[in-house]
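To get our numbering, take the position in the sequence shown, counting from 1, and add 15. Positions of the beta carbon are idealized from the N, C-alpha and C atoms, including for glycine. Keep in mind it's a predicted model, so treat the numbers as computed, not measured.
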Amino acid sequence: MGAEAPAAPRGDIIYKNDLGEPVLRATRLGGLTLFTPDRPGGTAAALAGAVRPCGCRSLAPSSCWSAWPRPAPGRPGRRGG
């Protein structure tokens, strides 16, 4: 979502998608309104509870490069050879 955030009345911020449609409104007091195709007028959004970590581990760039797939021995890579 390439959201834009123009100011709205009362200091609210309305985030819009790439098509210019409102997606989310944030008020200065912390309220959120979510706009969906089913509720184009918006519906209140709130935190529903705690979220577990995704379990993804972070990698250093050097670790990513060392794990990069290599051609099998004796087979040329895509760059020829």
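Return helix, strand or coil for residue i, following the three-state DSSP convention.
{"i": "R8", "result": "Given a span of 16 to 96 for the chain in the structure shown, any question on residue 8 remains unanswerable."}
Suppose the cutoff is 7 Å on Cβ atoms and the five residues either side in sequence are ignored; what does the same chain contact list for residue i look like?
{"i": "R67", "result": "none"}
Looking at the strands, I want to know which residues DSSP matches up with residue i.
{"i": "L47", "result": "A41, A60"}
Which same chain residues, not among the five before or five after residue i, have their C-beta less than 8 Å away from its C-beta?
{"i": "A61", "result": "L47"}
{"i": "E108", "result": "No answer is possible for residue 108: it lies beyond the span of the chain, which begins at 16 and ends at 96."}
Ordered along the chain, which non-local residues of its own chain (more than five positions away) have a Cβ less than 6 Å from that of residue i?
{"i": "I29", "result": "A23, P37, R40"}
{"i": "T42", "result": "D27"}
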